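Structure first, then comments.
Numbering (my numbering), first residue to last: -3 to 172.
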């Protein structure tokens, strides 16, 4: 039987790290994203008037909150995190409060903090292929939002799974 080709110039440490990274990647890293999906749908459905345009705008704002949370999770310098929340989050927070007439001020703050925390947690929990997985989730979520409000949950999960499989396929597969 033939063995897979081995890079003769690779250090032994690189092979061990590549094997450990591919072993650490599991479906459990997608749980914060899957927790965010029902929160987002419920907030768009219960927080806005019943017209489809308001709900679609609210779902787009929810997706922006998730991406701001991932930016906070990606940054390690605290003043830069604070500037991100202040620069992007303040105008979006006002828009979130104005768009959702059924949010109370405390409810809007709790909702925004939950979005930011789940976004940062999802960035930190995914070891490899973060942008691929988040891009797949975002694409599925947007398509599901356009097709039907309820369709964003299964299509968001399907998009994150497609991104997960694409990221899993791109990882090196060397045995130690």
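All C-beta atoms, glycine included, are put in the ideal place defined by N, C-alpha and C.
Quantities reported herein were computed from a predicted structural model and do not represent experimental measurements.
According to the DSSP assignment, residue 71 belongs to no alpha helix (DSSP H), since it is labelled neither H nor E.
It is roughly 8 Å from the alpha-carbon of residue 66 to the alpha-carbon of residue 117. Here residue 22 is exposed. Its C-beta has fewer than 16 other C-beta atoms within 10 Å. In chain order, 108 place their CB closer than 6 Å to the CB of residue 89, counting only its own chain and leaving out the 5 sequence neighbours on each side.
Cβ neighbours of residue 154 within its own chain (closer than 7 Å, five residues either side excluded): 136.
Cα atoms of residue 64 and residue 44: separation of roughly 21 Å, rounded to the nearest angstrom. Secondary structure at residue 118: helix, using DSSP grouped into helix, strand and coil. By the C-beta density criterion, residue 61 is buried, having at least 16 other C-beta atoms within 10 angstroms. By the Cβ neighbour-count rule, residue 86 is exposed, with fewer than 16 other Cβ atoms within 10 Å of its own. Per DSSP, residue 85 is not a residue of any alpha helix (DSSP H), being assigned neither H nor E. Distance from the Cα of residue 110 is smallest, within the candidate group 48, 165, 58 and 138, for 58. Pairing residue 125 with residue 164, the inter-Cα distance amounts to about 8 Å. Within its own chain, the residues whose Cβ lies closer than 8 Å to the Cβ of residue 143, once the five positions on either side in sequence are excluded, are 151, listed in chain order. Put simply, the backbone Cα of residue 158 is about 31 Å away from that of residue 106. Boundaries for residue 45: no alpha helix (DSSP H) harbours it, and the DSSP string shows neither H nor E there.
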